[in-house]
Structures are given as structure tokens and as C-alpha cells.
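For the sequence shown, the numbering used here assigns the number 5 to the initial residue and increments by one for each residue that follows. In what follows, a structure is listed as C-alpha cells, so that the remarks can point back to it.
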Amino acid sequence: MALLEVTQLSISFLQYTKGSRQQTVTVMENLDLAVNEGEIVAVVGASGSGKSLLAHAIMGILPANAVYSGSIRYGGELLDEHLLRQYRGNEIALVPQSVTYLNPLMRVGSQLQTKLDGKAQASERKGLFKRLGLGEHVNRLFPFQLSGGMARKVLVSTAAHSRSRLIIADEPTPGMHPADVAEALSHFKQLAEEGCAVLFITHDIEAAIQIANRVAVIYAGAVVEVAPASDFQGEGEQLRHPYSKALWQALPGNGFIPIAGSQPSKSMDLQGCLFADRCMSAVDSCMSKQPEPRQLRGGTVRCLHAT
Ligand SMILES: Nc1ncnc2c1ncn2[C@@H]1O[C@H](COP(=O)(O)OP(=O)(O)OP(=O)(O)O)[C@@H](O)[C@H]1O
Ligand code: NI
């Protein structure tokens, strides 16, 4: 059994249009994803594809106008509000995408929570700060005194320090120096080796495949493929979904071939495959129904034609 199991997750937003008329915009539909203990699953996809919403749904911090359905299980138990209150910040930690999640009124040191006692906590924090290239004085600073890169390192330390079994890292490294990025990534790797389950959300496929066991490719609010990280190689011939292949081939080192068109908005109410209008192999049957996820060569794919 996976430590984290997200099944058929759909998220919609209630929005007011003209006057007091309400409309519902669905931004995620029937998303499935699982993360095992000791495993890093990377979630990659374009901006607006729903990566942060997935993280926020798991943490139970979706915006007030969001409605969701589906189930999120942790260790087999339904992760409801009651369980989340118990687990959030200790058993389950989030490295948020925005540094504004740091409490502006608290010194950095006081924001690093841990189950350890004072002395052990201080020595672990010192080790972490050193590893990530943060000076000791940072402990006494307030968030407004940090640069963007420093604030991110503090957020990474917070999660690493929390002794969580599940760590959700939402774009944890932008703004960091390349050497510090490598250090932060290796730290996540180490946490997984110690048995943590890590959900690593990123735009950066190259970073993802460096540390992840499996990579989930998300497109317009749906996981279109889950592949072993080792399938991202060569010209992407091992990959299953046309979008994963296109993402891979769009990288500067792999041909730099842009993907024509843009990610659809769910408000367009598409019936068929979400990628169909950008897909070179799309045929009529792709337009009528969104393909269900199916197992293929040790991964999963949502494409009728994938082989
Ligand atoms: N409060 C909200 N009300 C309405 N729509 C929202 C709200 N929050 C997010 N969305 C929409 O949900 C979609 C997914 O957003 P999300 O932040 O999860 O994307 P993302 O994949 O994390 O993008 P990025 O890579 O830029 O961080 C977007 O189309 C966004 O406009
Ligand atoms: Ni995001």
C-alpha cells in the first residue's frame, strides 16, 4: 500500500461572473497519483497545469472558493480535516512554492519546528543550515531580511527538520545558486533513502530525473503519464504519452523543439483527450472521450494510441 494515495481528485472553483451569477470552473479532473515510502515521485508540467493545487489539496489548504471530490489517503486512512490537523507540519510537511508562507513576524529560528529536544534540535539545524549554505546568523533574522534564495533554503530546512514521513516540495529551488540546488536535491534524496515519501513538484524535468524514482506528467489538471525516471532519455522513445515526449524534446539539450499551441483551459469544456488539438497523432476517436489511465510497460498513460 502506498503511503499517499490520491484517487480521482477533481477540483473546481466557484466564480462570480457578471452581477451575482455564479459559474463553476473545473481545473482538475480525475487525477490519480500514489507515492510509496522511500520513493520520490516528481510531478512535472507547465505553469497552470495544477501542480500546486494538487499539493494544496493534499495539505487541506485549498482556497475557500474551491470544491473538491475524490479521495486522498495517507497510510490507508482517509486524510480528512481531523487527521490533517494532527499531521500537518509534522507527519506531513509542505515546502510551499511561495516564500510568503513564512510567518513575517517570527524569527527564522522559531519557525523551524521539530520533535527533537532543544540541544539536538539546535545541532541538527546548524548542520542543515551549513549544508544549504545558510550562515548561522540567519537563525535570528526575520523573513523580510532574507533574499529569495535564502528564504527558499529556510523553507527546505523547515521541511527537512520536521521529521515528516511525507514531504511535499512545491518548486523548492528557484532563486537558489546551482550548487545549493544540488545540495537541496541531494537532501531530498537522502530523506527518501531514510524512508520518507517525497512528492517533488517542479518545472525542471532535468532536476526531477536526477532524484526521482518515478515522474508524473501533468497536463491541464490530469496526470497523462507516470513513468520510471529512467524512461526520460534519448529522444524520449521510452515515454508513453505524446505530451511527455514533446516536453522532453522541448528541452534545450534534446532538440529544443517547441510544442505548438497552448494548454487548454478546462472552462473550454473539452470532451476528448485534453492534448488532442496539439497532438501529431490525434485521430477522430481522440476527440470524443478522455482516455482513462491504463498500465503500460511499467507505467501508466492516458492516451488511446500509446504503445
Ligand atoms: N483561487 C483560484 N480561483 C480560480 N482558479 C484558480 C485558483 N487557484 C488556482 N486556479 C487555477 O488553477 C489552475 C492550476 O493552478 P496551479 O497553481 O495549481 O498551477 P501550477 O501547475 O502550480 O502552476 P505554476 O507552475 O505556475 O506554479 C490554474 O489554471 C489557475 O488559474
Ligand atoms: Ni505551482
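For every residue, glycine included, the Cβ atom is placed at its ideal position computed from N, Cα and C. Source: prediction; values computed, not measured.
For PRO182, the enclosing alpha helix (DSSP H) has its first and last residue at 182 to 197. With 16 or more other Cβ atoms inside 10 Å of its own Cβ, ILE15 counts as buried. Positions of the alpha helix (DSSP H) runs, each at least 4 residues long and wholly inside the stretch 88 to 170, are given as 112 to 115, 122 to 135, 152 to 165 in order along the chain. Listed in chain order, the non-local C-beta contacts of PRO108 below 6 Å within the same chain comprise PRO147, local neighbours out to five positions each way being set aside. Within 7 Å of the C-beta of GLU175 there is at least one heavy atom belonging to ligand 2. Three or more beta-carbon pairs drawn from the stretch 222 to 239 and the stretch 292 to 311 are found closer than 8 Å, and the two stretches are therefore classed as touching. Taking all protein chains shown into account, MET154 has 16 or more neighbouring C-beta atoms within 10 Å of its C-beta and is therefore buried. Taking each of GLN294, ASP208, PRO268, PRO246 in turn and checking the Cα distance to GLY257, the smallest one comes out for ASP208. Under the three-state reduction of DSSP, GLY257 is assigned to helix. About 5 Å separates the Cβ atoms of SER53 and ILE222, confirming a contact at the 8 Å cut-off. The three-state reading of DSSP puts ARG298 in strand, counting E and B together. When LYS123, MET5, ASP174, LYS22 are compared, the shortest CA-CA separation from ILE62 is found for ASP174. With contacts defined by Cβ atoms closer than 8 Å, LEU13 and ILE76 form a contacting pair. Taking GLY74 as the centre and dropping the five residues before and after it, the same chain places the C-beta of VAL10, THR11, GLN12, LEU13, SER14, ASN34, LEU35 closer than 8 Å to its C-beta, in chain order. Residue environment: THR28 is assigned as exposed (fewer than 16 neighbouring CB atoms within 10 Å of its CB, all protein chains considered). The count of Cβ pairs closer than 8 Å, one atom from the stretch 237 to 252 and one from the stretch 58 to 72, stays below three, leaving the stretches out of contact. With a cutoff of 7 Å, GLN267 does not count as near ligand 2, since its C-beta is closer than that to no heavy atom of the ligand. For ALA211, the uninterrupted alpha helix (DSSP H) segment begins and ends at 209 to 215. Membership of MET63 in the alpha helix (DSSP H) is indicated by the continuous run 55 to 63. With a threshold of 16 other beta carbon atoms within 10 Å, VAL219 meets it and is buried.
Bridge pairing for PRO232: ARG218 [DSSP]. Residue environment: GLN101 is assigned as buried (16 or more neighbouring CB atoms within 10 Å of its CB, all protein chains considered). Beyond the five residues adjoining it in sequence on each side, THR162 comes within less than 8 Å, by CB distance, of ALA97, VAL99, GLN115, LEU116, GLN117 in the same chain, given in chain order.
Per the DSSP secondary-structure output, LEU203 pairs in a beta bridge with VAL45, ILE172.
In chain order, ALA226, VAL227, VAL228, GLU229, HIS245, CYS277, GLN294, PRO295, GLU296, PRO297, ARG298 place their CB closer than 8 Å to the CB of ARG306, counting only its own chain and leaving out the 5 sequence neighbours on each side.
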